[in-house]
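Just below is one structure, and these are the notes that go with it.
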Amino acid sequence: MKKTLLATTLATITLFSVFSAYSADSVDLKVGGTLLPKACTPTLSSGGIIDYGTIKTNTLKSDAYTILDIKSLDFSIVCDNKAKVALKAINGRRNSLAGAPEGSGGGGTPPVNLFGKPLSTNGAVGLGMDGTKKIGGYIARFKHGSFTADGTAVDIIASSNYGKTWFKAIYGDVYYGHVVLQQSWAVKGTEFPPIEFKTLGGKLEVQAYINKTSGMDISKPIKLDGQTTLELIYL
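Letter by letter, the sequence shown follows residues -23 to -1, 1 to 212 of mature numbering (1 follows the signal peptide of the UniProt record, and there is no 0).
Here it is, written out as C-alpha cells:
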C-alpha cells in the first residue's frame, strides 16, 4: 500500500425521520478518517539537494560529455512501529536524458561510464531541459554496505514485479530502463524476504554528467534541474 493512498472514508450514515405521510427530509452524516498502517517517514540530508555549485563552462567539453564528481546524502527511514517497506523512484524530468532514450521504467543507458560501471547499466535519468536542449543526466543509487536496520547491517534488494519476487540489487540504482523497480532491504547475505524495522539508515549516491556544449547555449547560465521522488510503499 502506498503511503500517499491511505485516506479512506470509513462509513456513510444517512439519518432520516418520518413524521407523517408527507415528504421526509434527510441529512447525510459522513464519518471519515485516515488509516495509517505503521507510519514511516523517509528523510534525505541537506533537504534532498545534490549541489554541484558553479561549474565554469571552460571546464566542459564541446564534443564530449563531461562527468561530474560523485556526491552523497544521508538517507533514513524512521517508523512508529516495525514495518516492512519498499521505495519506488519517480522521474520528475522525463525525456530529458542526454545522449540516450529512456525506458518505460524511467531510466536509460547513459552514454558515459558513471560510478565506473559498464555502459550496459540503464539507470540514468535526465537533468532537465535548457529550452529544447537536454542538459545532461545522472544515476542515483543506494550505496552497498552503507545500510543498517535497527543497528544491524543489511543488504539492498530489488523487485521488478511489484514485490512478487526479490533479488539482490547489483548496483543499487533506483531506476531501471524498462521496468519500475522497488527497492527494499533484507538480512545480509540473503535476497528474500524484505525485513521489518523501526529505523534504517545509509547513503544515497549521485553521479551526473553534462551534455556536449556544442549543442547548448553556454553564453548564459544553465541550471541543472534533475528531480527524483522516492515514494514509500508499505509491503
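Just so you know, even glycine gets a beta-carbon here, dropped at the ideal spot from N, CA and C.
- Our two residues, L6 and K175, have alpha carbons roughly 38 Å apart in a direct line.
- Q159 is bridged by DSSP to K65, S136.
- Residue state for S22 is assigned as helix, using DSSP reduced to three classes.
- Collapsing the DSSP output to three states places N35 in a helix.
- T98 and L91 have their C-alpha atoms roughly 9 Å apart.
- Here the alpha carbons of L158 and I47 stand approximately 22 Å from one another.
- Secondary structure of G192 (DSSP, three-state): helix.
- Rounded to the nearest whole angstrom, the C-alpha separation of A66 and L207 is 5 Å.
- Per DSSP, I47 is one residue of the beta strand (DSSP E) stretching across 43 to 60.
- As the crow flies, the alpha-carbon of K38 is around 16 Å from that of P198.
- Excluding sequence positions up to five before and after S53, its CB lies within less than 6 Å of the CB of T20, G178, all in the same chain and listed in chain order.
- Rounded to the nearest angstrom, the gap between the Cα atoms of T31 and I133 is 33 Å.
- Where K180 is concerned, the enclosing beta strand (DSSP E) starts and stops at 174 to 187.
- By the CB criterion at 8 Å, I116 and A101 fall inside the cutoff.
- Per the DSSP secondary-structure output, A101 pairs in a beta bridge with G85, I116.
- Remark: C-beta atoms of Y148 and R118 approach each other more closely than 8 Å.
- Between V89 and Y42 a beta carbon distance of about 5 Å is seen, short of the 8 Å cut, so the two are scored as contacting.
- For T109 and G103, the gap between their C-alpha atoms comes out near 13 Å.
- Beta bridge pairing from DSSP links D150 with R118.
- If you ignore the 5 residues before and after N72, its C-beta comes within less than 8 Å of the C-beta of E79, G103, all in its own chain and listed in chain order.
- Nearest to I112 by alpha-carbon distance, out of G24, S22, K145, S191, is S191.
- In the DSSP annotation of this structure, the continuous segment of the beta strand (DSSP E) that includes E208 starts and ends at 205 to 211.
- Residue L181 holds the alpha-carbon nearest to the alpha-carbon of I27 among V55, L181, G83, K145.
- A residue is called buried when at least 16 other Cβ atoms come within 10 angstroms of its Cβ; T36 does not meet this threshold and is exposed.
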